[in-house]
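First residue of the sequence shown: 19, per our numbering; consecutive thereafter. We put the CB at the ideal spot given by N, CA and C, even for glycine. Fair warning: this is a prediction, and the values are worked out from it, not measured in the lab. Down below is the structure, laid out as structure tokens.
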Amino acid sequence: MSLVDTVGPLQKDDPTPLYLQLQKVLRDAISNQIVVMDDAIPTERDLATEFEVSRITVRKAIDGLVGEGLLNRRRGAGTFVTGARVEKSFSKLSSFSEDMLSRGRRPSSAWISKASGAVTPEEALSLGLSPGSLVYRFQRIRYADEVSMAIEHSTIPGYCLPSAAVVQDSLYDALEKSGYRPIRALQRLRAIAFNGDQAELLGIKAGQPGLFIERRGFLADGRAAEFTQSYYRGDAYDVVAELNGA
Ligand code: 16G
19 MSLVDTVGPL QKDDPTPLYL QLQKVLRDAI SNQIVVMDDA IPTERDLATE FEVSRITVRK
79 AIDGLVGEGL LNRRRGAGTF VTGARVEKSF SKLSSFSEDM LSRGRRPSSA WISKASGAVT
139 PEEALSLGLS PGSLVYRFQR IRYADEVSMA IEHSTIPGYC LPSAAVVQDS LYDALEKSGY
199 RPIRALQRLR AIAFNGDQAE LLGIKAGQPG LFIERRGFLA DGRAAEFTQS YYRGDAYDVV
259 AELNGA
């Protein structure tokens with residue numbers, strides 16, 4: 019059964035713009051579970067035919083819901099109802115790939131840049147390195163099942179990896195293989211609003227809330243192994259920690 023049969027047609031004589039009416043239909047369909055999490059919604063063309071509106075109207079309606087985080091466009095696959103929020107433990111030193119795999123989601127990344135160079139003063143301070151030391155820098159957009167989840171900028175001291183090229187899908191895999199996976203970390207978290215550039219990379223609206231998490235990872239001998247700044251989507255994450263009393 020098509021969506022229009024379930025919810026009825028749009029009201030063309032209603033002063034509310036048609037794209038807002040369509041947004042309401044889709045929002046209600048999601049909250050009443052007519053379409054459920056991880057379901058694809060009908061294509062733009064089908065929605066335009068069903069509701070007798072232009073594809074521009076449909077696109078505008080969907081853009082708004084993608085911006086709100088209710089829907090996600092997956093490259094080449096369609097538009098889906100956003101999956102469950104990921105619970106991220108703050109007491110486990112896990113990697114993004116491990117976090118996603120343990121929830122049955124498929125991690126992937128798009129590279130923004132992968133480079134090596136001399137440490138900047140800020141990085142030297144964060145990593146406890148001397149001026150001029152070699153570092154590797156990795157900038158990625160992280161996805162779970164093709165849904166954007168985070169932007170990550172990592173700086174790794176030169177002694178931890180044989181080259182930047184060895185980092186492919188997972189940074190922690192590469193560090194583990196070289197024997198330099200961090201065993202301890204310090205994390206700092208704060209709330210942010212995504213700026214225009216970040217929002218564009220994630221395919222969301224500028225100004226949406228996010229979590230900025232800075233991780234400094236250390237080796238058993240106390241040397242630094244990682245300085246990563248992660249910008250997680252606020253609508254995709256719950257941060258969870260287990261706290262023990264004295
Ligand atoms: C997580 C870590 C990040 C680490 C990355 C490695 C947090 C806040 N950050 O995103 O520091 O570099 O995982 O993931 O958890 P990967 O091994 O999948 O590349």
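- Per DSSP, reduced to three states, the secondary structure at Gly263 is coil, with no helix or strand assignment.
- Taking 8 Å as the upper bound for CB-CB distance, Ser166 and Thr246 are not in contact here, some 17 Å apart.
- By the CB criterion at 8 Å, Val76 and Leu40 fall inside the cutoff.
- In terms of CA proximity to Val104, Met118 leads the group Tyr198, Met118, Ala95 and Tyr154.
- Note that the C-beta distance between Ser127 and Arg155 is not below 8 Å.
- When Lys30, Val25, Asp56 and Val71 are compared, the shortest CA-CA separation from Phe98 is found for Asp56.
- Membership of Ile174 in the beta strand (DSSP E) is indicated by the continuous run Val165 to Pro175.
- Here DSSP, grouped into helix, strand and coil, assigns Ala217 to helix.
- Of Val137, Cys178, Phe236 and Leu220, the smallest CA-CA separation from Asn90 is found for Leu220.
- Counting the other CB atoms within 10 Å of its CB gives Leu204 a total below 16, which places it among the exposed residues.
- In this chain, Thr138 is not harboured by any beta strand (DSSP E), its DSSP state being neither H nor E.
- Using a 10 angstroms sphere on the CB of Ile48, the tally of other CB atoms reaches 16 or more, which defines it as buried.
- Fully enclosed alpha helix (DSSP H) runs of no fewer than 4 residues occupy 73 to 85 and 114 to 119 of the region 73 to 128, in order along the chain.
- Straight-line measurement puts the Cα of Ser134 at about 10 Å from the Cα of Ala183.
- If you draw a straight line from the Cα of Lys42 to the Cα of Phe236, it is about 49 Å long.
- Between Arg45 and Arg92, the alpha-carbon positions lie close to 19 Å from each other.
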